[in-house]
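Residue numbers (UniProt numbering): 1 to 154. Glycine included, every Cβ here is placed at the ideal spot set by N, Cα and C. This report concerns only the one structure given below.
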């Protein structure tokens with residue numbers, strides 16, 4: 001029985017190492033993508049959320065990106081200064097968290113470029129070129145199953 005537990009522990013450790021490694025690699029590609037556009041990763045994330053949710057408030061943006069209000073406010077100010085984001089409010093609200101935002105034409109173009117340039121997607125295309133269709137389907141199926149089981153175990 002102990003052999004099974006030891007093997008399980010080793011397998012879990014090995015699986016977690018691969019997930020963490022993939023996450024680090026993905027983060028590196030995201031940083032590279034943002035830097036290629038002259039933005040930080042947080043600014044690029046904001047641009048892409050605002051692109052998909054025009055009229056979003058700063059408060060909702062902080063919830064979506066899990067960032068502090070001060071961080072959001074500083075980044076929004078920077079994006080407005082760069083001409084990428086526009087305030088929709090006719091008057092300035094008492095609380096800056098109530099500001100509603102949309103992208104300018106320049107911001108929309110940048111968001112589209114970030115998707116087209118997505119280094120991680122290009123890297124995954126190279127991975128997929130080295131896997132069979134069955135391997136890709138099995139990989140997706142197993143990852144979805146792991147995700148579902150992890151959510152249930154909370």
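Relative to the C-alpha of residue i, which residue among the options is closest?
i, options, result
"residue 39", "128, 111, 152, 147", "111"
"residue 73", "89, 87, 58", "58"
"residue 32", "129, 123, 130", "123"
"residue 85", "98, 95, 106, 96", "106"
ask   = So, do the segment 62-77 and the segment 38-50 have three or more beta carbon pairs nearer to each other than 8 Å?
value = yes
query = Taking three-plus beta-carbon pairs below 8 Å as touching, is the segment 93-107 in contact with the segment 48-56?
reply = yes
task = Could you name each continuous alpha helix (DSSP H) segment of 4 residues or more that falls completely within the UniProt domain "HTH marR-type" (12-148), going from the start of the chain to the end?
result = 41-52, 58-65, 69-81, 105-116, 119-129
message = Any contact between the segment 114-134 and the segment 21-38? By contact I mean 3 or more CB pairs, one from each, below 8 Å.
response = yes
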